[in-house]
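*Asks:*
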Amino acid sequence: MTDEIIYQIFPDRFYNGDRNNDPKGVQPWNNNVDRDSFLGGDLKGILDKLSYLEELGTTVIYLNPIFQSPSNHKYDTENYFKIDENFGDNEMFKNFVKECHKRNIKVIIDGVFNHTGTKFFAFKDLLEKQQFSCYKNWYDVFSFPVNEQGEVSYRACGGAAFLPKLNTENKEVQDYIIKVIKYWESYGIDGLRLDVPFEMHISMLKRIRECTDLFIIGEIWGLGGRYVPKYFDSVTNYYFRELIRKAVANQCLDGAMFIDEWNIIENQYGKHIYNQINLAGSHDTERISTLCGKNTKKINLFFALLFLLPGIPLIYYGDEIGMEGSNDPYCRGGMEWDKEKWNYEILNNIKKLIKLRKEHIELRRGKLKFVSSKDRMICFERCYENSIIKVFVNFGFQKDCIEGKILEPLSYEIEKY
Numbered sequence: 001m002t003d004e005i006i007y008q009i010f011p012d013r014f015y016n017g018d019r020n021n022d023p024k025g026v027q028p029w030n031n032n033v034d035r036d037s038f039l040g041g042d043l044k045g046i047l048d049k050l051s052y053l054e055e056l057g058t059t060v061i062y063l064n065p066i067f068q069s070p071s072n073h074k075y076d077t078e079n080y081f082k083i084d085e086n087f088g089d090n091e092m093f094k095n096f097v098k099e100c101h102k103r104n105i106k107v108i109i110d111g112v113f114n115h116t117g118t119k120f121f122a123f124k125d126l127l128e129k130q131q132f133s134c135y136k137n138w139y140d141v142f143s144f145p146v147n148e149q150g151e152v153s154y155r156a157c158g159g160a161a162f163l164p165k166l167n168t169e170n171k172e173v174q175d176y177i178i179k180v181i182k183y184w185e186s187y188g189i190d191g192l193r194l195d196v197p198f199e200m201h202i203s204m205l206k207r208i209r210e211c212t213d214l215f216i217i218g219e220i221w222g223l224g225g226r227y228v229p230k231y232f233d234s235v236t237n238y239y240f241r242e243l244i245r246k247a248v249a250n251q252c253l254d255g256a257m258f259i260d261e262w263n264i265i266e267n268q269y270g271k272h273i274y275n276q277i278n279l280a281g282s283h284d285t286e287r288i289s290t291l292c293g294k295n296t297k298k299i300n301l302f303f304a305l306l307f308l309l310p311g312i313p314l315i316y317y318g319d320e321i322g323m324e325g326s327n328d329p330y331c332r333g334g335m336e337w338d339k340e341k342w343n344y345e346i347l348n349n350i351k352k353l354i355k356l357r358k359e360h361i362e363l364r365r366g367k368l369k370f371v372s373s374k375d376r377m378i379c380f381e382r383c384y385e386n387s388i389i390k391v392f393v394n395f396g397f398q399k400d401c402i403e404g405k406i407l408e409p410l411s412y413e414i415e416k417y
């Protein structure tokens, strides 16, 4: 996966390709979103826009949850073996994977196995039969009776009553999850992103790793060296995002500090650093345009560091055209398809970076060597065999010089040797 470019899609918000499967009460596409609103995006909509994703340079699509669920985000799973009816059906998904593969685009889906929704069959049985339910040990119940109202008497993800946490140490639960993974693997998917895996029992992670050759990404917000490569191939490198935020968006690091913090990250993953997911934002963060105060130079430099340093770049839908939005749910607005509202400086910069990565293996697999730092500037090399790409970065607000290269504020330049 080291050579790939990932594009993340929140299905309800990307494009409405089939109005016949719209949820009840669907909102107009450009409405402001809240935690409960539906816009009607679906798998047909993504298929309709595959040419857009190809032109951008996408080689992997990562889908937020697509299994049957009553919410717009689908993290409260109701049926793990069924595509949500508002997105299509199982046959539509099988066709979706085939169409993506025809275009050499891989497909990664979200695996929400730490918790279920309250409409999941095992939890429904628990609510009905209480301590006599044969599924009572599928969850961590503190006391009976179990109910969804008032004081929650079971362990829940984030303390949210609508997300009862599975007991992932339970062998029956593990067997069920493995069955789910193998089922969707038969559809030809290429990878699995595990939601909050740090809350799952380590024996569950071990069994997932052993049962499949899928590319496994763990949602980790801190340093994930203890998981890679033992349990996951990759983690969501939010730690790296935070480093760039401090350097570029907040201007509170100098070049030497940047290098010191990068070394902490690289020491975590060693040679596996090339498989970690470099992201500017996701469905769980404010959008990069909002984070950078709509400063296009900051946004472009933010992406440059994600693409030019080791790791797999991920683009959250709409970030490539400058969409705005504070944290959940406002970072989950409907994709802007009116081209007159696109920020082409950001889009063209991302296309340039994707082209550079595809043309130069040094930027995908090359060993990293920091050459020097000065004030808010760094210079580094990506070396592959006998070829070197040299990168000069100025993340400060003043014109400055490093290694004989004069750089404008918030800019980068590349040379090949």
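Going by full-length UniProt numbering, the sequence shown wraps up at 417, each residue one higher than the last. In this text, a Cβ means the ideal position worked out from N, Cα and C, and glycines have one as well. All values reported here derive from a predicted model rather than from experimental measurement.
Under a three-way DSSP split, which group does LYS119 fall into?
*Replies:* Looking at LYS119 - three-state DSSP - the assignment turns out to be coil, as it is neither helix nor strand.
*Asks:* With a 10 Å radius around its C-beta and 16 neighbouring C-beta atoms as the bar for buried, classify GLY25 as buried or exposed.
*Replies:* GLY25 should be labelled exposed.
*Asks:* Taking the alpha carbon of GLY224 as the point to measure from, which residue in ILE61, TYR239, GLU151 has its own alpha carbon closest?
*Replies:* Closest option to GLY224, Cα to Cα, is TYR239.
*Asks:* Quick one: what's got a C-beta closer than 7 Å to PHE198's C-beta in the same chain, skipping five residues either side?
*Replies:* Here the set comprises ILE220.
*Asks:* Buried or exposed, going by whether 16 or more other CB atoms sit within 10 Å of the CB of ALA122?
*Replies:* With 16 or more other Cβ atoms within 10 Å, it is buried.
*Asks:* Along the chain, which unbroken stretches of the alpha helix (DSSP H) at least 4 residues long are found entirely within the segment 271 to 338?
*Replies:* If we require 4 residues or more, the alpha helix (DSSP H) runs fully inside the segment 271 to 338 come out as 288 to 291, 296 to 308.
*Asks:* Return the residue from the list ASN21, ARG19, ILE217, ARG13 that minimises the CA-CA distance to residue 418.
*Replies:* Because the chain spans 1 through 417 in this model, residue 418 falls outside it and cannot be assessed.
*Asks:* Once DSSP output is grouped into helix, strand and coil, what is the label at GLY45?
*Replies:* Note: GLY45 maps to helix in three-state DSSP.
*Asks:* Along the chain, where does the alpha helix (DSSP H) that runs through LYS102 open and close?
*Replies:* Counting along the chain, the alpha helix (DSSP H) containing LYS102 begins and ends at 90 to 102.
*Asks:* Could you tell me whether the segment 344 to 357 touches the segment 323 to 330, where touching means 3 or more Cβ pairs closer than 8 Å?
*Replies:* Judged by Cβ distances under 8 Å, the segment 344 to 357 makes no contact with the segment 323 to 330, as fewer than three pairs qualify.
*Asks:* For ASN348, name the three-state secondary structure that DSSP assigns.
*Replies:* Reduced to three states, the DSSP call for ASN348 is helix.
*Asks:* Check GLU403 in the structure and name its three-state DSSP category.
*Replies:* Note: GLU403 maps to coil in three-state DSSP.
*Asks:* For the candidate residues GLU91, ALA160, ASP36, LEU205, whose alpha-carbon lies nearest to that of THR168?
*Replies:* Of GLU91, ALA160, ASP36, LEU205, the residue nearest in Cα terms is LEU205.
*Asks:* Considering VAL196, what are the terminal residues of the beta strand (DSSP E) in which it resides?
*Replies:* No beta strand (DSSP E) holds VAL196; DSSP gives it neither H nor E.
*Asks:* Taking DSSP as the reference, what is the three-state secondary structure of SER69?
*Replies:* Three-state DSSP puts SER69 in coil, outside helix and strand.
*Asks:* Could you say if the segment 2 to 21 and the segment 310 to 319 meet the contact criterion of at least three C-beta pairs nearer than 8 Å?
*Replies:* Yes, the segment 2 to 21 is in contact with the segment 310 to 319.
*Asks:* Per DSSP, what are the beta-bridge partners of PRO164 in this structure?
*Replies:* BP columns for PRO164 point to ALA156.
*Asks:* Here's a check: name, in chain order, each residue in its chain whose Cβ is nearer than 6 Å to the Cβ of VAL248, leaving out the five neighbours to either side.
*Replies:* LYS298, LEU301, PHE302, PHE395.
*Asks:* GLY255 by DSSP, collapsed to three states: which one?
*Replies:* Note: GLY255 maps to helix in three-state DSSP.
*Asks:* Please report the distance separating the alpha-carbon of LEU305 from that of LEU363.
*Replies:* In a straight line, the C-alpha of LEU305 is about 11 Å away from that of LEU363.
*Asks:* Which residue comes first and which comes last in the alpha helix (DSSP H) that contains ASP84?
*Replies:* It is not in any alpha helix (DSSP H) - ASP84 carries neither H nor E in the DSSP assignment.
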